[in-house]
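Going down the list, the protein sequences come from chains A and B. Counting with numbering that gives the first Met the number 0, you get residues 0 to 419 for the letters of the first sequence. Counting with numbering that gives the first Met the number 0, you get residues 0 to 419 for the letters of the second sequence. Where is the CB? At the ideal position from N, CA and C, for every residue including glycine. Here is the structure we will look at.
Protein chains: 2
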Amino acid sequence: MSDQIPTEIAAEVERQHALIMRGTAYGDEGTRRVMDRELRQRLTESLMEKRPLRVYLGVDPTSPDLHIGHCVTLRKLALFQQLGHQSILLIGDFTGLVGDPSDKDSLRPMQAAEILNRNAATYREQAYKLLDPERTEVRRNSEWLGEMSFGDVVHLASNFTVQQFTGRDTFKNRIDGGQPVYVHEFMYGLMQGYDAVALKADIQLGGTDQTFNIMCGRTLQERQEQHAQIAVLTPILVGTDGKQRMSKSTGNYIGIDEPANSQYGKAMSIPDDVIVRFFDYGTNLADDEVDQIEAGLKSGALKPMDAKRHLARAIVSEWHGEEEAIAAEERWTRTFSQRSVPEDIPEAAIDFAGADQLEVSLPIFLHEIGAAASRAEAKRLVTQGAVRIDDEVVKEQAVEIRSGAVLRVGRRKWYRIVAS
Amino acid sequence: MSDQIPTEIAAEVERQHALIMRGTAYGDEGTRRVMDRELRQRLTESLMEKRPLRVYLGVDPTSPDLHIGHCVTLRKLALFQQLGHQSILLIGDFTGLVGDPSDKDSLRPMQAAEILNRNAATYREQAYKLLDPERTEVRRNSEWLGEMSFGDVVHLASNFTVQQFTGRDTFKNRIDGGQPVYVHEFMYGLMQGYDAVALKADIQLGGTDQTFNIMCGRTLQERQEQHAQIAVLTPILVGTDGKQRMSKSTGNYIGIDEPANSQYGKAMSIPDDVIVRFFDYGTNLADDEVDQIEAGLKSGALKPMDAKRHLARAIVSEWHGEEEAIAAEERWTRTFSQRSVPEDIPEAAIDFAGADQLEVSLPIFLHEIGAAASRAEAKRLVTQGAVRIDDEVVKEQAVEIRSGAVLRVGRRKWYRIVAS
Numbered sequence: 000m001s002d003q004i005p006t007e008i009a010a011e012v013e014r015q016h017a018l019i020m021r022g023t024a025y026g027d028e029g030t031r032r033v034m035d036r037e038l039r040q041r042l043t044e045s046l047m048e049k050r051p052l053r054v055y056l057g058v059d060p061t062s063p064d065l066h067i068g069h070c071v072t073l074r075k076l077a078l079f080q081q082l083g084h085q086s087i088l089l090i091g092d093f094t095g096l097v098g099d100p101s102d103k104d105s106l107r108p109m110q111a112a113e114i115l116n117r118n119a120a121t122y123r124e125q126a127y128k129l130l131d132p133e134r135t136e137v138r139r140n141s142e143w144l145g146e147m148s149f150g151d152v153v154h155l156a157s158n159f160t161v162q163q164f165t166g167r168d169t170f171k172n173r174i175d176g177g178q179p180v181y182v183h184e185f186m187y188g189l190m191q192g193y194d195a196v197a198l199k200a201d202i203q204l205g206g207t208d209q210t211f212n213i214m215c216g217r218t219l220q221e222r223q224e225q226h227a228q229i230a231v232l233t234p235i236l237v238g239t240d241g242k243q244r245m246s247k248s249t250g251n252y253i254g255i256d257e258p259a260n261s262q263y264g265k266a267m268s269i270p271d272d273v274i275v276r277f278f279d280y281g282t283n284l285a286d287d288e289v290d291q292i293e294a295g296l297k298s299g300a301l302k303p304m305d306a307k308r309h310l311a312r313a314i315v316s317e318w319h320g321e322e323e324a325i326a327a328e329e330r331w332t333r334t335f336s337q338r339s340v341p342e343d344i345p346e347a348a349i350d351f352a353g354a355d356q357l358e359v360s361l362p363i364f365l366h367e368i369g370a371a372a373s374r375a376e377a378k379r380l381v382t383q384g385a386v387r388i389d390d391e392v393v394k395e396q397a398v399e400i401r402s403g404a405v406l407r408v409g410r411r412k413w414y415r416i417v418a419s
Numbered sequence: 000m001s002d003q004i005p006t007e008i009a010a011e012v013e014r015q016h017a018l019i020m021r022g023t024a025y026g027d028e029g030t031r032r033v034m035d036r037e038l039r040q041r042l043t044e045s046l047m048e049k050r051p052l053r054v055y056l057g058v059d060p061t062s063p064d065l066h067i068g069h070c071v072t073l074r075k076l077a078l079f080q081q082l083g084h085q086s087i088l089l090i091g092d093f094t095g096l097v098g099d100p101s102d103k104d105s106l107r108p109m110q111a112a113e114i115l116n117r118n119a120a121t122y123r124e125q126a127y128k129l130l131d132p133e134r135t136e137v138r139r140n141s142e143w144l145g146e147m148s149f150g151d152v153v154h155l156a157s158n159f160t161v162q163q164f165t166g167r168d169t170f171k172n173r174i175d176g177g178q179p180v181y182v183h184e185f186m187y188g189l190m191q192g193y194d195a196v197a198l199k200a201d202i203q204l205g206g207t208d209q210t211f212n213i214m215c216g217r218t219l220q221e222r223q224e225q226h227a228q229i230a231v232l233t234p235i236l237v238g239t240d241g242k243q244r245m246s247k248s249t250g251n252y253i254g255i256d257e258p259a260n261s262q263y264g265k266a267m268s269i270p271d272d273v274i275v276r277f278f279d280y281g282t283n284l285a286d287d288e289v290d291q292i293e294a295g296l297k298s299g300a301l302k303p304m305d306a307k308r309h310l311a312r313a314i315v316s317e318w319h320g321e322e323e324a325i326a327a328e329e330r331w332t333r334t335f336s337q338r339s340v341p342e343d344i345p346e347a348a349i350d351f352a353g354a355d356q357l358e359v360s361l362p363i364f365l366h367e368i369g370a371a372a373s374r375a376e377a378k379r380l381v382t383q384g385a386v387r388i389d390d391e392v393v394k395e396q397a398v399e400i401r402s403g404a405v406l407r408v409g410r411r412k413w414y415r416i417v418a419s
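Here it is in structure tokens:
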């Protein structure tokens with residue numbers, strides 16, 4: 000077939016293929032090789048037939064705040080748009096509407112629907128910071144899953160064996176550990192798989208943890224005599240702790256709607272060994288810029304602290320613009336560098352319960368972290384103006400505190416607030 | 000509470016309890032004890048409140064021919080009716096309407112619905128030979144299962160763990176043996192479980208193989224704050240081969256609509272060691288009559304052949320009346336006893352593929368079972384009138400042959416036709 004493909008199309012296939020596959024990650028080499036080959040074929044068909052590919056990303060509207068970890072796949076979705084394909088943002092509202100059956104106190108369906116609508120709108124607005132709203136097809140899977148009967152579910156389920164599910168790490172580990180796995184948990188894979196059929200998707204984007212669900216989609220599409228979608232998988236971005244995946248519940252995230260100072264401070268707090276990964280997947284810097292930074296860090300020509308400033312500025316610039324990035328940097332420098340914040344200050348852990356901010360009673364908190372011998376002493380220190388948060392004197396007893404903030408008590412005691 | 004129960008009610012509870020529990024069978028003693036206790040309580044409530052119990056039996060209308068194995072539970076359902084309770088015959092049409100998703104050539108839903116309607120009617124008519132039509136509530140589970148959405152199914156499934164299902168023998172054996180179990184197979188248990196909720200059942204009848212499904216119903220009823228139904232379980236009747244369970248697909252069954260001669264011949268063909276079980280579960284004889292027969296067989300006062308005559312006559316009498324039973328017995332005696340059919344004649348196995356009758360080419364068949372040295376010789380034997388089936392000379396080359404028939408070739412060669 001290749002001898003019939005005009006040179007300019009072959010070249011364009013190669014160009015698009017290289018951009019799409021850049022920075023992808025697959026659990027195993029076999030899957031990567033198959034997906035790579037199918038992608039090249041599908042791109043060729045698309046360009047020969049002048050038919051844009053249908054590319055979708057499914058998102059969970061139950062937690063509407065986007066962080067830069069979400070943006071790894073969203074950037075890919077935007078890329079397809081830039082390459083002239085049809086990008087689809089799929090709001091996975093059906094799962095939410097169905098509710099979590101294990102939660103006895105879950106909201107009634109009507110209320111849930113309102114919240115989901117609001118969340119979906121919030122999510123969409125944030126996603127539009129990367130996507131072109133005019134060219135994005137926004138869909139909800141309640142459109143088709145809400146129409147399905149018990150009989151349809153039986154037919155859907157008949158395409159998969161129990162062993163395929165129990166063999167998945169996520170279930171296998173729980174079963175081996177004697178933990179219950181509920182039957183309805185299998186159905187979420189079926190739902191996601193059917194989304195691909197309903198959307199007639201050519202490509203599904205997702206983190207590497209979505210491999211199984213995307214493969215469910217391929218199976219169902221083949222049963223329906225559709226072309227099986229191609230999985231374009233991206234790595235899961237690590238959180239600001241450098242250890243766990245970035246997520247709201249862990250509190251180790253940088254939200255795209257967070258204030259500039261907060262984003263800047265969080266970016267500065269990451270461990271040195273994940274700096275390059277944050278550049279790769281948390282910013283929109285070009286490859287060669289990141290290559291230079293990586294080389295600089297390796298040779299020692301670039302100090303980690305300077306690389307992080309660059310990173311923090313890049314992140315804030317993307318979401319708040321250059322001006323705010325510069326202001327955040329100046330404020331950070333004023334707080335830390337010029338006032339000589341020691342580089343390795345101790346951390347004071349606090350349970351944010353997944354929130355960004357938390358109101359605390361300062362005397363209790365200072366005493367608990369050992370910054371004052373008693374609550375009474377802590378109270379005095381506050382009243383005397385000896386307590387600063389992010390370089391600002393705090394005289395109130397109850398304050399809003401955020402993860403990443405720097406607390407200074409007296410002249411010598413420094414603490415970085417972190418989520419426990 | 001027991002001191003408030005009038006004596007006559009307590010006595011009636013005991014009477015009903017004894018009749019209901021007679022001949023039941025439970026996989027484990029713990030289950031039997033719980034069910035026994037709950038049954039006594041529920042009967043007491045029913046009689047105190049003058050509220051008949053809702054008792055149901057679910058039947059599969061995909062195979063409409065009832066055999067005496069089906070009647071073990073149907074007799075119990077009829078008993079409840081005689082005791083003044085509300086008996087419900089549940090036609091499990093939803094499974095049939097959904098179709099067997101693993102069967103690619105399955106009929107289209109509309110056709111299936113027609114067939115199921117016809118089957119359900121046939122089934123009902125046969126069941127009315129034991130049940131009082133006026134007092135039987137006939138329901139179909141498509142009434143409620145057909146209304147359920149994907150979301151409802153998710154909620155239903157959330158009440159069970161995967162481990163509960165994979166721990167069932169039927170699934171465990173297949174999983175251990177490396178055989179696939181399909182996800183939709185789990186859903187049949189959910190459907191059956193939900194039937195109990197929809198029917199607000201007090202009691203569900205079933206063979207011991209239905210234990211798990213009935214317990215699913217209990218679980219779901221408790222979640223819906225209904226009283227959990229009580230399982231009244233009966234043994235599975237063995238087939239005429241004395242080995243496998245009676246079923247149409249194995250061909251080892253006695254159908255209640257089968258001709259009298261066929262029923263009689265099949266009953267006479269059972270192995271001696273299952274005679275008492277056939278009396279217990281395959282006839283409507285009273286307990287003391289069966290006790291006498293059992294004692295007679297043990298002491299040797301009653302010959303197995305005579306016990307089987309009694310059995311065969313009882314079965315034919317129940318389904319065709321006394322007169323036909325006598326006629327069938329006379330015919331059988333003419334064929335076997337008076338013409339001195341040897342008692343232990345060899346069996347000639349033939350694959351009926353689940354059917355009652357099969358057209359065979361007699362010369363080929365006679366040669367295959369070794370009754371003739373060649374097909375040519377077999378043809379000659381047929382032409383000469385040396386071949387008899389059930390004591391009638393057969394001169395056609397192609398004949399309908401039935402399981403249980405006696406074939407005689409020449410003077411000395413006898414064969415009993417059995418399903419392979």
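Quick one: is N251 (chain B) buried, meaning 16 or more other Cβ sit within 10 Å of its Cβ, or exposed? buried
Can you tell me whether K75 (chain A) is buried or exposed? The criterion is at least 16 other CB atoms within 10 Å of its CB, across all chains shown. For K75 (chain A), the number of other beta carbons within 10 angstroms of its own is at least 16, and it is reported as buried.
What does the Cβ neighbour count give for P60 (chain B), buried or exposed, with the cut at 16 atoms within 10 Å? It is buried - the Cβ of P60 (chain B) has at least 16 other Cβ atoms within 10 Å.
So P179 (chain A) contacts chain B; which residues on that side make the cut at Cβ distance below 7 angstroms? T160 and Q162
Going by DSSP, what residues sit across from V289 (chain B) in a beta bridge? Paired residues: none, contrary to the question.
Environment of V158 (chain B) [buried if 16+ CB atoms lie within 10 Å]: What sits at residue 158 (chain B) in the sequence shown is Asn, not Val. It is buried - the Cβ of N158 (chain B) has at least 16 other Cβ atoms within 10 Å.
Under 9 angstroms between beta-carbons, which chain A residues line up against V359 (chain B)? List them in chain order, please. None at all; the shortest Cβ gap to chain A is about 37 angstroms.
Determine, for T165 (chain A), whether the minimum Cβ-Cβ distance to residues of chain C falls below 8 angstroms. The structure shown contains no chain C; its protein chains are A and B.
Going straight from the alpha carbon of F277 (chain A) to that of I255 (chain A), what length do you get? 14 angstroms
Nearest by alpha-carbon distance to P345 (chain B): which of B:G26, B:G188, B:I213 and B:V405 is it? B:V405
Contact set between M20 (chain A) and chain B, taken where Cβ atoms lie within less than 8 angstroms: In chain order: nothing, as chain B lies at least about 33 angstroms away.
Using only CA atoms, which one of A:I349, A:Q262 and A:V393 lies nearest to R330 (chain A)? A:Q262
Can you give me, in chain order, the residues of the stretch 293–316 of chain A that have a beta carbon less than 9 angstroms from any beta carbon in chain B? Contacts with chain B (Cβ-Cβ distance below 9 angstroms) from the stretch 293–316 of chain A involve no residue at all.
Any C-beta of chain B within less than 8 angstroms: which residues of the stretch 192–204 of chain A qualify? none
Can you name the residues of chain A whose CB is closer than 9 angstroms to the CB of F185 (chain B)? A156, V161, V182 and F185
Would you list the residues sitting across from S148 (chain B) in a DSSP beta bridge? A:S148
Taking just the CA atoms, how far does T94 (chain A) sit from Y187 (chain A)? 8 angstroms
First through last residue of the alpha helix (DSSP H) which encompasses G29 (chain B): E28 to M47
Length of the line joining the Cα atoms of S86 (chain A) and F79 (chain A): 6 angstroms
Can you pull the chain A residues whose beta carbon is under 9 angstroms from the beta carbon of L96 (chain B), in chain order? G150
How should D350 (chain A) be labelled, buried or exposed, when 16 other C-beta atoms within 10 angstroms of its C-beta is the threshold for buried? exposed
Measure the CB-CB distance between F170 (chain B) and V152 (chain A) and report whether it falls below 8 angstroms. no
Can you list the residues of chain B that M214 (chain A) reaches, using a CB-CB cut of under 7 angstroms? Within 7 angstroms Cβ-Cβ: nothing; M214 (chain A) doesn't reach chain B, min ~15 angstroms.
May I have the straight-line CA-CA distance separating N140 (chain A) from D92 (chain A), to the nearest angstrom? 6 angstroms
With burial defined as no fewer than 16 other Cβ atoms inside 10 Å of the residue's Cβ, what is the status of S419 (chain A): buried or exposed? exposed
Taking the C-alpha atoms as reference points, what is the distance between G206 (chain A) and L361 (chain A)? 40 angstroms
From B:K199, B:M304, B:A259 and B:V381, pick the residue whose C-alpha is nearest to that of I325 (chain B); which is it? B:A259
Would you call the CB atoms of L219 (chain B) and V196 (chain B) closer than 8 angstroms? yes
Using a Cβ-Cβ cutoff of less than 6 angstroms, which residues in the same chain neighbour Y25 (chain B) once the five nearest sequence positions on both sides are dropped? R31 and L232
Quick one: what does DSSP say G254 (chain B) is sitting in, helix, strand or coil? strand
Which residues of chain B have a Cβ atom closer than 7 angstroms to the Cβ of L144 (chain A), listed in chain order? F149
Can you give the Cα-Cα distance for M34 (chain A) and Q209 (chain B), rounded to whole angstroms? 46 angstroms
How should M304 (chain B) be labelled, buried or exposed, when 16 other C-beta atoms within 10 angstroms of its C-beta is the threshold for buried? Answer is exposed; the Cβ neighbour count stays below 16.
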